[in-house]
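The structure appears below as structure tokens.
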Amino acid sequence: MRIFGILLLLLGICSPLRAQQNGLSSEQIRQIDALFARWDRSDGPGLALAVLQQGVVRYQRGYGMANLEYGVPITDSTRFVLASVSKQFTAFAVHLLVREGRIDLDADIRQYIPELPDLGARITPRDLLHHTSGLRESLDLVRLAGWRPEDVLTMEDVLRLAYRQRALNFPPGSEYSYCNLGYVLLAELVRRTSGQPFSVFARERIFAPLGMKDTFFHDDYRMIVPLRAESYRRAGSAWVKVYYPYGTVGSGGLVSTLRDLIIWERFFREPPAGFRELIEAMQQPGRLRDGRELAYGSGLMLGRYRGLRAVWHTGSIAAYRTVLFRLPEAGFSVILLANTAEVNTLTLAQRVADIVLSDRFPEPIPARAESASEAPPNPSPPARAPEQLHPYEGLYYSSELEVFYRIRLEGDSLRLYHPREVWTLQPLGEGRFRIPVGVVRFVPHSSPMELFIDTGRSRNIRFQRVELR
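For the sequence shown, position 212 (counting from the first letter as 1) is numbered 276 according to our numbering, and the numbering increases by one without interruption.
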């Protein structure tokens with residue numbers, strides 16, 4: 065009987081997530097399945113879906129495969145990497161410690177992490193929660209410093225980059241700019257104020273009490289994760305793996321299942337008395353120093369959809385795509401966990417809401433473009449003669465990124481030799497050039513010559529020309 069029980073368990077693990085419906089009409093189910101039909105196959109990746117209303121699972125189903133090499137279908141126990149959906153759990157951990165008096169949201173973050181340089185302005189944990197810190201984006205810094213997406217990246221790597229920064233994008237509290245580095249620092253803040261590794265704190269204070277047995281922060285890239293979905297992207301007509309070799313947490317790094325996230329959604333919707341204020345605090349919109357309100361709370365995006373209040377967050381890393389989408393006034397939520405980048409999870413979650421709540425919305429379905437129209441090309445600046453480009457050649461160094469770039473004139477174009485890539489500098493005029501990650505701006509009259517890189521979320525990263533002897 066024991067052997068028989070084990071066989072049943074294994075069959076349950078390896079069998080597809082069968083559709084479970086409770087209260088939806090056959091027509092609603094048909095429309096939902098039609099929406100996901102392209103991923104309902106045994107030779108490609110897919111996604112796990114759960115639809116909840118008033119805390120009851122109205123529909124859940126798996127579409128496609130978790131692992132193409134071994135033919136493993138997606139189930140409610142398939143583990144996905146949640147990417148930025150992780151941020152609400154990081155924020156929850158921070159608010160737990162705020163409630164216990166161990167974190168002051170309005171203190172200087174250097175009070176807790178003194179290794180951070182003095183950047184001329186006070187950055188607070190509240191700024192980190194609301195993306196108003198002015199810190200540069202860690203994913204941009206990592207790429208500019210020479211990492212490829214498939215390279216190993218640890219917490220120590222990202223923190224070392226943070227500690228070497230010498231400038232901000234803007235004064236803290238003056239702007240909103242989405243910043244993963246802020247949430248990495250929040251994870252480090254939890255570690256230092258709790259005295260526990262961030263992953264241990266989250267397990268003991270959040271996941272274990274809620275019964276989320278398959279959820280954890282993946283802080284060691286070498287960790288074996290049973291039942292994890294691989295992530296895939298298309299390469300012509302075939303699928304190839306997109307590796308996830310990261311050990312960074314806080315901004316992302318959470319691994320979970322559809323089954324566990326249903327538990328979280330029920331807790332979030334009706335928190336016990338001791339947690340109601342905390343959940344409400346997470347949904348309070350941030351504010352700039354001048355009082356302007358943001359469409360972001362603590363690890364949560366805030367807005368409206370078709371006239372109803374919406375609370376959500378998406379996630380994207382490697383080829384994982386995720387969303388937790390909530391319409392609190394309708395008691396409605398959608399969980400979507402995908403292992404292919406060919407999924408727009410937010411749009412799909414909204415379309416599921418359109419189907420299930422067809423008569424509840426005060427506003428019509430917004431127009432959705434099927435394909436983006438091609439924008440007219442920007443007029444190109446006049447071509448530069450080689451003798452005009454020659455002065456920009458040289459070896460440049462950034463002490464903030466600890467990286468050298470070589471600028472060389474090849475033919476009539478400048479090339480930037482990055483540690484992992486070669487970029488052609490496309491002239492924009494007046495010493496400015498476009499590269500795949502942003503804009504390079506030379507300051508030719510500085511001595512020695514300097515260049516600055518601006519990616520949008522990381523501004524004015526300084527390089528100085530050097531000579532090796």
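Beta carbons: idealized from backbone N, C-alpha and C, even for Gly.
| Query | Result |
| --- | --- |
| For Leu88 and Arg424, the rounded distance between their alpha carbons | 15 Å |
| Inter-residue spacing [alpha-carbon to alpha-carbon] between Val319 and Phe516 | 37 Å |
| Where Val503 sits in the DSSP three-state scheme | strand |
| Residue range of the alpha helix (DSSP H) that includes Gly18 | The displayed coordinates of the chain run from 65 to 533. Any statement about residue 18 would go beyond what the structure contains. |
| Separation of Gly316 from Gly246, as counted between CA atoms | 11 Å |
| Three-way DSSP call (helix, strand, coil) for Val158 in this model | helix |
| Range of the contiguous alpha helix (DSSP H) that encloses Val264 | Phe262 to Ala266 |
| For Leu366, the three-state DSSP class (helix, strand or coil) | strand |
| Segment contact flag, the region 172-179 with the region 340-352, C-beta cutoff 8 Å, min 3 pairs | no |
| Buried versus exposed, by CB contacts within 10 Å (16 or more), Ala402 | buried |
| Endpoints, beta strand (DSSP E) assigned at Pro491 | Val486 to Gly493 |
| Cβ shell of Asp324 (< 6 Å), same chain only, five flanking positions each side left out | Met276, Asp278 and Thr279 |
| At least 3 beta-carbon pairs within less than 8 Å: the region 114-128 vs the region 85-104 | yes |
| As assigned by DSSP and simplified to three states, the class of Leu208 | helix |
| 9 Å Cβ cutoff met for Leu535 and Leu113 | The question about residue 535 has no answer, for the chain in this structure spans 65 to 533. |
| Contacting residues, own chain, Cβ-Cβ under 6 Å from Ala359 (five flanking each side not counted) | Leu366 and Gly367 |
| Simplified DSSP state of Asp324, which is helix, strand or coil | helix |
| Whole-angstrom distance between Val387 and Pro137, CA atom to CA atom | 20 Å |
| Alpha-carbon spacing of Arg292 relative to Pro261, whole angstroms | 23 Å |
| Limits of the alpha helix (DSSP H) - the one that Met219 falls within | Met219 to Tyr227 |
| Phe68, DSSP secondary structure in three states | Low local confidence applies: a pLDDT of 32 at Phe68 is under 50, so the model's placement there is unreliable, and no value is given. |
| Under the three-state DSSP convention, the category Leu391 falls into | strand |
| Limits of the unbroken beta strand (DSSP E) element including Ile517 | Glu514 to Asp518 |
| Cβ-based burial, Gly379 [other Cβ within 10 Å; buried from 16] | buried |
| Where Val120 sits in the DSSP three-state scheme | strand |
| Three-pair Cβ contact test at 8 Å for the region 188-199 versus the region 485-493 | no |
| Arg484 versus Leu421: straight-line alpha-carbon distance, rounded | 49 Å |
| Leu249 versus Trp303: straight-line alpha-carbon distance, rounded | 35 Å |
| Straight-line Cα distance separating Arg356 from Tyr240 | 10 Å |
| Own chain partners of Arg186 with C-beta closer than 6 Å, once the 5 adjacent residues on each side are dropped | Asp172 |
| Met346 vs Ala147 beta-carbon contact at 9 Å | no |
| 6 Å CB neighbourhood of Asp476 in its chain, flanking five on each side removed | Pro450 |
| Straight-line gap, Phe506 to Gly210 (C-alpha atoms, nearest Å) | 20 Å |
| Environment of Ser437 [buried if 16+ CB atoms lie within 10 Å] | Reliability fails at Ser437, whose pLDDT of 46 lies under 50, so the model's placement of it is uncertain and no value is given. |
| Assumed close pair Tyr481, Arg470 - CB separation to whole angstroms, cut-off 8 Å | 4 Å |
| As assigned by DSSP and simplified to three states, the class of Pro273 | helix |
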